[in-house]
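Participant: I'd like to ask you about the structure that follows.
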Amino acid sequence: MKTLSLIITLLFACQFTIQAQGYNTNEYAFSQNKKLGRGVNIIGYDPIWNDFSKARMRERHFTLIKEAGFSNVRIKISPFKFSMDDEFTIEPKFFSTLDWAIKQALKNGLMPIVDFHEHGAMQKDPIGTKPMFLAMWKQIAEHCKDYPNDVLFEIANEPNMKPEMWNQIHREAYKIIRESNPDRTLIIGTINGNQIKFLKDLELPENDRNIIVAIHYYSPIQFTHQGAPWSTKNKDLSGITWTNTGQEEADVNADFDIAQNWSKAHNRPLTLGEFGAYEKADMTSRVRWTNYIARQAEARGWSWSYWQFDSDFIVYDIDKDEWNTPIKNALLPIEKN
0 MKTLSLIITL
10 LFACQFTIQA
20 QGYNTNEYAF
30 SQNKKLGRGV
40 NIIGYDPIWN
50 DFSKARMRER
60 HFTLIKEAGF
70 SNVRIKISPF
80 KFSMDDEFTI
90 EPKFFSTLDW
100 AIKQALKNGL
110 MPIVDFHEHG
120 AMQKDPIGTK
130 PMFLAMWKQI
140 AEHCKDYPND
150 VLFEIANEPN
160 MKPEMWNQIH
170 REAYKIIRES
180 NPDRTLIIGT
190 INGNQIKFLK
200 DLELPENDRN
210 IIVAIHYYSP
220 IQFTHQGAPW
230 STKNKDLSGI
240 TWTNTGQEEA
250 DVNADFDIAQ
260 NWSKAHNRPL
270 TLGEFGAYEK
280 ADMTSRVRWT
290 NYIARQAEAR
300 GWSWSYWQFD
310 SDFIVYDIDK
320 DEWNTPIKNA
330 LLPIEKN
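Going by numbering that gives the first Met the number 0, 185 is the number at position 186 of the sequence shown; the sequence numbering is gapless.
As structure tokens, then:
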């Protein structure tokens, strides 16, 4: 009986090991990326974070997102302002809102990405903000550890700093997160706006394959950011069009092929975490560009998350309670019979 009991114990242990190792494979990461599919960024600038009663986004919006044909939501979190003390303890109301967003996403069959979006503060002082960044990731990771694997963590949005510094910071955050979330799919992006050209500088833990790599795309920036008040070089521009010329498409393809070649060489899946053209561009050009970017990403097997649902670059007008139909159809073209 002792021998039989030992055999059974070993079989269970072996099965557990195989299952655990199954999360740490390229196949799993690519499968997760395929499930992410098409998505949209949400609640980044919603007053919901400070006062839930003033929320713009409601439960029904998650249902609308799913029914439209999206399959992921990238939840923009900015926890620095919720630090309560010298230990960087996060206020409970932050977690209440985060839990609400995650649960609403899961309830509606949407994969939520928890996106740590503090690039402004981190850019100004990468070293000074690092203790708070790491302390907060420890709290967030432990708080969310029991959520299913369809919840992904994105370590940092657009880390605008030197590559050596970012590689060190994300390495430390990675270790902290993995302590409580050994099987969670993580997203790690490139520096300086998650630009494609900096993929070559990104260093990842070679023995951890449960990672998706994030890139963003807003090129040509003179078109996508014309008239945007925060864009110093482009805020006074107007009238710039995008018309699917051969050269315009070739420029996109050249950039995307750099990313795809990197993906193949490193056997890592890619997600296009942000893309969009600001409202000051003419709608016809915006539709052409948005559709082309989404289709080219999909052609290469990337997931994507459009910037964004509400606020600016919108795909849904919450004030009018209606879709921005041209942008929605550019992202999710109506299938022809």
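C-beta atoms are modelled at their ideal positions from N, C-alpha and C, and glycine is treated no differently.
1. Is Gln20 helix, strand or coil by DSSP?
2. Since I believe Asn71 is in contact with Cys304 (beta carbons under 8 Å), could you give me their beta-carbon distance rounded to a whole number of angstroms?
3. Compare the beta carbon distance of Ala140 and Ile175 with 8 Å and say whether it is the shorter of the two.
4. Assuming contact is defined by CB atoms lying nearer than 8 Å, are Ile186 and Leu151 in contact in what I supplied?
5. Buried or exposed: Lys33, going by 16 or more other Cβ atoms within 10 Å of its Cβ?
6. Would you mind sorting Gly275 into buried or exposed? The rule is 16 or more other CB atoms within 10 Å of its CB.
7. For Asn323 and Gly127, I'd like the C-alpha separation in whole angstroms.
8. For a quick check, are the C-beta atoms of Ile317 and Arg55 less than 8 Å apart?
9. Can you say whether Gly119 is buried or exposed, counting buried as having 16 or more other CB atoms within 10 angstroms of its CB?
10. Sort Glu321, Leu35, Leu330 by Cα distance to Leu63 and report the nearest one.
11. Give the C-beta separation of Pro268 and Ile211 to the nearest angstrom, bearing in mind that I take them to be a contact with Cβ-Cβ under 8 Å.
12. Whole-angstrom Cβ separation of Gln31 and Thr184, contact assumed at under 8 Å?
13. Is Gly68 near Leu271, with beta carbons less than 8 Å apart?
14. Could you tell me the alpha carbon to alpha carbon distance between Leu105 and Asp149, rounded to whole angstroms?
15. Report the rounded CA-to-CA distance for Ile333 versus Asn290, giving the unit in angstroms.
16. Pick out whichever of Asp281, Lys161, Asp85 has its Cα sitting closest to the Cα of Ser237.
17. Using alpha carbons as the reference points, say which of Arg287, Ala155, Asn266, Ile292 lies closest to Ser77.
18. In the DSSP assignment, find the beta strand (DSSP E) that holds Ser302 and state where it starts and stops.
19. Leaving out five residues before and five after Glu248 in sequence, what residues of the same chain have Cβ atoms less than 7 Å from its Cβ?
20. Closer than 8 Å by C-beta to Ile89: which residues in its own chain qualify, once you throw out the five before and the five after it? Chain order, please.
21. By the 10 Å Cβ neighbour count, where 16 or more other Cβ atoms means buried, how is Pro158 classified, buried or exposed?
22. Could you tell me which residues DSSP pairs with Asp316 in its beta bridges?
23. Hey, could you find the ends of the beta strand (DSSP E) Glu117 is sitting in?
24. Sorted by chain position, which residues of the same chain lie with C-beta nearer than 7 Å to His116's C-beta, five sequence neighbours on each side aside?
25. Taking C-alpha atoms, which residue in Asn266, Trp301, Lys123 lies nearest to His215?
Facilitator: Taking the structure as given:
1. Residue confidence for Gln20 is low, a pLDDT of 47 falling below 50, so the modelled location carries little weight; the figure read from the coordinates is stated next. Correct three-state label for Gln20: helix.
2. A small fix is needed here, since residue 304 is Ser in this sequence, not Cys. Yes, they are in contact, since the Cβ atoms of Ser304 and Asn71 sit about 6 Å apart, within 8 Å.
3. yes
4. yes
5. exposed
6. buried
7. 41 Å
8. yes
9. exposed
10. Glu321
11. 5 Å
12. 5 Å
13. no
14. 8 Å
15. 12 Å
16. Asp281
17. Ala155
18. 302-305
19. Tyr291
20. Pro78, Phe81, Ser82, Met83, Met135, Gln138, Ile139
21. buried
22. Glu321
23. Per DSSP, Glu117 belongs to no beta strand (DSSP E) and is neither H nor E.
24. Gly43, Lys75, Ile76, Ser77, Asn156
25. Trp301
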